[in-house]
Each structure stands twice: as structure tokens, then as C-alpha cells.
Amino acid sequence: MQADKKLQAESSKCNAVAQERIWKEAVHMETTAAKNWEGRWGFIAEYDLKGVPVEKKVLPEKVSYYTDSRLPHTQSGSVGCSLSSPHSRTMLQLERMGYHGKKRTDIHNNYQYS
């Protein structure tokens, strides 16, 4: 009998229509806030932290979404991260040393028993 009451109480909390309505309202409020942000708070983006005016970056009108053939192929096969910089070479060396430079040791050999 009590199990039925618990089941009914839990099912009354799970109202899919109400949850969907709440979700739609939240999405609508977020979309409206994003549209109104420029008018209300856009002046913040025009200045840096010290109050000095910041020049707006001019974005190109036409941008290709496909990869550029001038980019080098990386070790993992993906395109976009150049291996020519000294920092990237150092990172790859450290990565290789981390995998291949250490072997498992028995923890009992590290301790002396008396």
C-alpha cells in the first residue's frame, strides 16, 4: 500500500509537459538576454580593464570552413597544430618519455624489512 503511494508521489513529480514548458521558457529567456546584451552591456566590450578604448577587430567576410592545405600534419594525424615550434617539440618529447621511459617496479623492493 505504501509502495503505491510512493510510486504515485514520484510520478506526480515527473510531469513531462511541465518540464518541457519550463525548458522552453528558459531557452526563450536566454535567447532574449543574448539579443539584449549588446544594447545594455555592449559598452563594457568597448573598453579594457583600465578604461582605455579598445579597437574592434575587423573579421573577414568570407571564411572557408575547410582545412587549409598549408597546415602541417601532426603526429596524431589531425591538422592544425604545428610541430615546428620549440614548445610543441618539447611537449612531444616529454609525452614520449612519460610512456616509454618508465617501467613498472615492484613496490616491495623499495622498502627494507627488518
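Here the sequence shown stands for residues 111 to 224, numbered as in my numbering.
Cβ atoms here follow ideal geometry from the backbone N, Cα and C, with glycine treated the same way.
Separation of residue j from residue i, as counted between CA atoms
i      : j      : result
PRO163 : PHE153 : 10 angstroms
GLN203 : SER195 : 13 angstroms
TRP147 : GLU171 : 23 angstroms
GLY149 : LYS160 : 22 angstroms
ASP158 : GLU165 : 10 angstroms
GLU205 : HIS197 : 12 angstroms
ALA144 : ARG131 : 20 angstroms
VAL137 : GLN129 : 12 angstroms
VAL127 : GLU135 : 12 angstroms
GLU169 : ARG199 : The amino acid occupying residue 169 in the given sequence is Leu; Glu does not appear at that position. Approximately 31 angstroms, taken between the alpha carbons.
LYS115 : CYS124 : 14 angstroms
THR141 : MET207 : 48 angstroms
VAL173 : MET201 : 31 angstroms
MET139 : TRP133 : 10 angstroms
Minimum C-alpha distance to residue i - residue among the options
i      : options                : result
LYS167 : GLY161, GLU156, SER174 : GLU156
Those residues which DSSP pairs with residue i across a bridge
i      : result
PRO163 : TYR157
Checklist entry - For the region 123–151, which segments carrying the alpha helix (DSSP H) assignment without a break, of at least 4 residues, lie completely within its bounds, in sequence order? => result 126–151
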